[in-house]
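K.L.:
Counting along the sequence shown from 1, when you hit position 205 you're at 204 in numbering that gives the first Met the number 0, and nothing is skipped either side.
Structure incoming, see below.
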Amino acid sequence: MADLSQHLLGTDFQSPVLLASGTCGYGQEYADLIPLDEIGGMVTKAVSREPREGNPPHRVAETPGGMINAIGLQNVGLERFRLEKLPWLRENLRVAQVLINVVGHSAEDYGSVVSGLDGEDGFLGYEINVSCPNVKDGTLFGTDPTALSALVTRLRDLTERPLVVKLTPNVPDISLYARICEESGADGLSAINTFPGMLIDVEGRRPVIGNVSGGVSGPAILPMGVYLTWRAASAVSIPVIGIGGIRSGDDALQYILAGASLVQVGTALFVDPASAVQVQAGIADYMERHGVGRLPEIVGGLTLPEPR
Ligand SMILES: Cc1cc2nc3c(=O)[nH]c(=O)nc-3n(C[C@H](O)[C@H](O)[C@H](O)COP(=O)(O)O)c2cc1C
Numbered sequence: 000m001a002d003l004s005q006h007l008l009g010t011d012f013q014s015p016v017l018l019a020s021g022t023c024g025y026g027q028e029y030a031d032l033i034p035l036d037e038i039g040g041m042v043t044k045a046v047s048r049e050p051r052e053g054n055p056p057h058r059v060a061e062t063p064g065g066m067i068n069a070i071g072l073q074n075v076g077l078e079r080f081r082l083e084k085l086p087w088l089r090e091n092l093r094v095a096q097v098l099i100n101v102v103g104h105s106a107e108d109y110g111s112v113v114s115g116l117d118g119e120d121g122f123l124g125y126e127i128n129v130s131c132p133n134v135k136d137g138t139l140f141g142t143d144p145t146a147l148s149a150l151v152t153r154l155r156d157l158t159e160r161p162l163v164v165k166l167t168p169n170v171p172d173i174s175l176y177a178r179i180c181e182e183s184g185a186d187g188l189s190a191i192n193t194f195p196g197m198l199i200d201v202e203g204r205r206p207v208i209g210n211v212s213g214g215v216s217g218p219a220i221l222p223m224g225v226y227l228t229w230r231a232a233s234a235v236s237i238p239v240i241g242i243g244g245i246r247s248g249d250d251a252l253q254y255i256l257a258g259a260s261l262v263q264v265g266t267a268l269f270v271d272p273a274s275a276v277q278v279q280a281g282i283a284d285y286m287e288r289h290g291v292g293r294l295p296e297i298v299g300g301l302t303l304p305e306p307r
């Protein structure tokens, strides 16, 4: 049997496959659908200091090769997350790892969520979302090198748990932002969040999405995700989590060969909640067929053409 485990962020992941933030709620929503504790882990819906109601409907729509969403970071807020959601994760995810996705309007906001949760059990660390295109200021920190560096430095001082920064694809050179995160104390990176987009209902001559624009995800963004993961992973020595359009073991392997140590499955869960389990089985099958004993042997194992 292929060994799917990975040792990183100071712990063991039994598999490299995680569920992506915003596509699996707080875990409990998926409990009857897939054996959550048999995958690598999950990232919670974003948690902000105060509860957020999110954007007006429609919030999601299908696009060619994917979907567009503008949920607007609706969430129960720090206190309800701590009291009502975290206990379930603590009880039920004994082996699968949990990262908490954190958002804020300001560095103080992010800091309050991290400080407010840090003393609790039941999760590994944080995925810092500086890359949401669907809310005002959602990518402020992810696109401003100075603000990003200050935010990561500030959060680093607040916690010893793993800090993973989720990067936006909407910058000219992702490697610059990857390096800033590493230099400011991040333990890992997630790449990527969604691309801004828009759909128009031509009969009504109106935007389909209540927020007018939203974030595009799903298979359509896979080549961009693979490229940006490769660029980010080539720029840093901290682990990178590859995200974007993954539906199969082969999709995940593209990210792994590009340098991702872990992957996340998001939009595919809306088509089939079991897709993450299938991605995991597909990776194991590939490893067996190619005689790969352990996953780190192929992380970043892409062979590039000789320069001419
Ligand atoms: C409905 C929906 C909600 C999302 N909410 C969040 C969120 O709260 N925080 C975050 O960092 N990313 C969020 N994302 C982005 C995903 O985690 C992921 O980065 C993106 O969808 C690309 O992966 P995919 O193509 O596999 O879906 C959301 C995506 C979708 C489709």
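Every residue gets a Cβ at the ideal spot worked out from N, C-alpha and C, and that includes glycine.
These numbers were taken from a predicted model, which means no experiment stands behind them.
State the CB to CB distance for the pair residue 65 and residue 217, rounded to an integer number of angstroms; the pair is presumed to be in contact (CB under 8 Å).
P.N.:
So it is a contact: roughly 2 Å between Cβ atoms.
K.L.:
State the DSSP-derived secondary structure class of residue 10, mapped to helix, strand or coil.
P.N.:
Three-state DSSP puts residue 10 in a strand.
K.L.:
Hey, quick one: how far does the beta strand (DSSP E) through residue 140 stretch, first residue to last?
P.N.:
Per DSSP, residue 140 belongs to no beta strand (DSSP E); it is in the alpha helix (DSSP H), 139 to 142.
K.L.:
With DSSP run on the structure shown, which of helix, strand or coil describes residue 312?
P.N.:
With the chain represented from 0 up to 307, any question about residue 312 goes unanswered, as that position is not in the structure.
K.L.:
Confirm, please, whether the CB-CB distance from residue 161 to residue 124 is below 8 Å.
P.N.:
Taking 8 Å as the Cβ cut-off, residue 124 and residue 161 qualify as a contacting pair.
K.L.:
Provide the residue span of the alpha helix (DSSP H) that contains residue 181, from first to last.
P.N.:
Its alpha helix (DSSP H) spans residues 173 to 182.
K.L.:
Taking just the CA atoms, how far does residue 273 sit from residue 172?
P.N.:
Using only the alpha carbons, I get a separation of about 34 Å.
K.L.:
Could you tell me if residue 201 is buried or exposed, where buried requires 16 or more neighbouring beta carbons within 10 angstroms of its beta carbon?
P.N.:
It is exposed - the Cβ of residue 201 has fewer than 16 other Cβ atoms within 10 Å.
K.L.:
Any idea if residue 86 is buried or exposed, counting beta-carbon neighbours within 10 angstroms, 16 or more meaning buried?
P.N.:
The residue is exposed, with fewer than 16 neighbouring Cβ atoms inside 10 Å.
K.L.:
Return yes when the Cβ of residue 36 is within less than 8 Å of the Cβ of residue 92, no when it is not.
P.N.:
It is a contact, given that the beta carbons lie within the stated cut-off.
K.L.:
Could you spell out where the beta strand (DSSP E) holding residue 22 opens and where it closes?
P.N.:
Counting along the chain, residue 22 falls outside any beta strand (DSSP E), and DSSP gives it neither H nor E.
K.L.:
Is residue 68 near ligand 3, judged by its Cβ being under 7 Å from some heavy atom?
P.N.:
The model depicted lacks ligand 3 and carries ligand 1 instead.
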